[in-house]
Amino acid sequence: MKYTPGPWNKTEDKLTQQYYIARPYGKSVLHIANVTKEDIGYGISEEEYHANASLIAAAPELLEACKEALEALHNLMPDERMKKANCWNPSEYEKCSCTSCKLKRVIAKAEGRV
Ligand SMILES: [Zn+2]
-8 MKYTPGPWNK
2 TEDKLTQQYY
12 IARPYGKSVL
22 HIANVTKEDI
32 GYGISEEEYH
42 ANASLIAAAP
52 ELLEACKEAL
62 EALHNLMPDE
72 RMKKANCWNP
82 SEYEKCSCTS
92 CKLKRVIAKA
102 EGRV
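Residue 61 in my numbering sits at position 70 of the sequence shown, with consecutive numbering throughout.
Take a look at the structure:
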């Protein structure tokens, strides 16, 4: 699954009370997402509204950093059994909570594979 390459930026529109998440594109932008204030006071705080926009805007860089971290962890694994499973606990692979497995799951989620 291919996504719009980064960088993604956030810009808050005070008039419409939402953030626009977009990528610069020439003299314009490519719109990625909107983050609205609609649910503030109904389960989302003002702080969460700002944080959600920041998190979405960072998504492409987070995904790339996760892939690099997974590769770095793989290179640190001391034996072939671990490298083959790309897991620090290969015997626990299915339900593993090691950092490599967390990274694999979140990368798969971000790439629409789960
Ligand atoms: Zn693992």
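C-beta atoms are modelled at their ideal positions from N, C-alpha and C, and glycine is treated no differently.
Is the Cβ-Cβ distance between residue i and residue j less than 8 angstroms?
i, j, result
"Cys87", "Asn77", "no"
"Tyr(-6)", "Pro51", "yes"
"Ile98", "Lys58", "yes"
"Leu53", "Thr90", "no"
"Lys1", "Ala44", "yes"
"Leu94", "Ala49", "no"
For residue i, which residues of its own chain have a beta-carbon under 6 angstroms away from its beta-carbon, when the five flanking residues on both sides are left out?
i, result
"Ile47", "Ile12 and Ala24"
Of all the CB atoms in chain B, is at least one closer than 8 angstroms to the CB of residue i?
i, result
"Val105", "Absence of chain B from the displayed structure is noted, only one protein chain being present."
Which of the three DSSP states, helix, strand or coil, is assigned to residue i?
i, result
"Thr27", "strand"
"Ser88", "coil"
"Val97", "helix"
"Tyr40", "helix"
"Arg104", "coil"
"Ala13", "strand"
"Asn80", "coil"
Bridge partners for residue i per DSSP, in chain order?
i, result
"Asp4", "Gln9"
Note down, in chain order, each residue of its chain lying with its Cβ closer than 8 angstroms to the Cβ of residue i, except the 5 sequence neighbours on either side.
i, result
"Lys75", "Pro81"
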